[in-house]
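For the numbering used here, count along the sequence shown from 1 and bump the result up by 52. For every residue, glycine included, the Cβ atom is placed at its ideal position computed from N, Cα and C. It should be emphasised that the depicted structure is a prediction, and the values quoted were computed from it without experimental measurement.
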Amino acid sequence: MKTKIGVMLDMMEKQIEKCPWAKKQSVRTQVEEICNEAKEVVEAVEKGDKENLTEEIGDLLWDAIMVAKISERDHGIDLKAAAQNIIEKMERRKPWVYGDEVITDIEETIRRWNEIKAMEKQKKVGEKNG
Ligand code: MG
Numbered sequence: 053m054k055t056k057i058g059v060m061l062d063m064m065e066k067q068i069e070k071c072p073w074a075k076k077q078s079v080r081t082q083v084e085e086i087c088n089e090a091k092e093v094v095e096a097v098e099k100g101d102k103e104n105l106t107e108e109i110g111d112l113l114w115d116a117i118m119v120a121k122i123s124e125r126d127h128g129i130d131l132k133a134a135a136q137n138i139i140e141k142m143e144r145r146k147p148w149v150y151g152d153e154v155i156t157d158i159e160e161t162i163r164r165w166n167e168i169k170a171m172e173k174q175k176k177v178g179e180k181n182g
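This is the structure in structure tokens:
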């Protein structure tokens, strides 16, 4: 059985193929939509309206999936690779969650995240320079 996200991905593929409006959308137009939906999420939180928040989270997720699918179509992005990428990044950058490190202080989580991020950047530069 498909997850709800899997159903949304299939629906989005169909929409981009069959809907004249959706066919014309780009990453740029859809990122604007994401910004609008993100604002609506904040408004729903501020109103304390759980029903509206549920709706707006769905809208935001839908638009994020649309950007992903348009990126596949227009820019050759492999969505599975993108998902794998963020999974690995979170595992690397939050070893206190997904590994053996013990950190309970918020400031320390931020410091450690930035430290790992800087080490990754340095490693990338090193790899580029030979
Ligand atoms: Mg909305």
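Where residue i falls, given that 16 or more other Cβ within 10 Å makes a residue buried
i, result
"GLN82", "buried"
"GLN77", "buried"
"ASP64", "One detail in the question is off: residue 64 reads as Met in this sequence, not Asp. Flag for MET64 reads buried."
"GLU89", "buried"
"ASP115", "buried"
8 Å CB neighbourhood of residue i in its chain, flanking five on each side removed
i, result
"VAL154", "TRP148"
"MET53", "none"
"ILE117", "ILE57, MET60, LEU61 and MET64"
Where residue i falls: helix, strand or coil (DSSP)
i, result
"THR55", "coil"
"THR81", "helix"
"THR156", "coil"
"CYS87", "helix"
"LYS146", "coil"
"ASP62", "helix"
"LYS76", "coil"
Cutoff 6 Å; reference residue i; Cβ partners in own chain excluding five residues on either side
i, result
"ILE68", "ALA74 and LYS121"
"GLU92", "GLU108"
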